[in-house]
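Since the structure comes first, as structure tokens, the remarks are kept for the end.
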């Protein structure tokens, strides 16, 4: 279905009161701009995480236009959250889990960021929420670090992941 027809269908749903807000998924900046001419875009949901930042331009556009950005795949299917992962040293230094570090990075990266980590266990959800609300993980991570790439000031030793992605992993 052509983009214009899709956008018109969403606008009709909004106009008819069937939906109150509309978001977009897996879109480019051009797609967000086009949709914004037809209806107010509430959120964008694109693949994005610490090691996959292919939607950086979309995230920046969302920040500038006060559109929520929902990163899907925030923990890279658990690869960033498991014990022994590349984030494990950072997590241990902060008394956190690797998944908490990956999610804290997302939260610090942008005020538009709305990560929705999936879990099948209430215990894990409570653990994540408790860590976010009662700790200084996101407050203590410098903003320049959250937006930076390899060799950031608060981390001193970059390491390579499969595919050549570089990730800083140690703390001061």
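Residue numbers (the numbering used here): 1211 to 1382. Virtual Cβ for every residue (Gly too), placed ideally from N, Cα, C.
Sub-8 angstroms separation of residue i and residue j beta-carbons
i, j, result
"residue 1239", "residue 1262", "no"
"residue 1264", "residue 1252", "no"
"residue 1269", "residue 1322", "yes"
"residue 1317", "residue 1281", "no"
"residue 1217", "residue 1245", "yes"
"residue 1301", "residue 1307", "yes"
"residue 1289", "residue 1320", "no"
"residue 1309", "residue 1291", "yes"
8 angstroms contact criterion, which residue i and residue j should meet: CB distance rounded
i, j, result
"residue 1237", "residue 1256", "7 angstroms"
"residue 1242", "residue 1221", "Not really, about 15 angstroms apart at Cβ, beyond 8 angstroms."
"residue 1312", "residue 1297", "6 angstroms"
Continuous beta strand (DSSP E) stretch holding residue i: start and end
i, result
"residue 1234", "1232 to 1235"
"residue 1280", "1278 to 1282"
Residue range of the unbroken alpha helix (DSSP H) whose run includes residue i
i, result
"residue 1219", "1213 to 1225"
"residue 1254", "Note, residue 1254: premise wrong, no alpha helix (DSSP H); beta strand (DSSP E) at 1251 to 1257."
"residue 1298", "1298 to 1304"
"residue 1243", "1239 to 1246"
"residue 1321", "Segment: none, residue 1321 is in no alpha helix (DSSP H) and carries neither H nor E."
Residue(s) in a DSSP beta bridge with residue i
i, result
"residue 1262", "1259"
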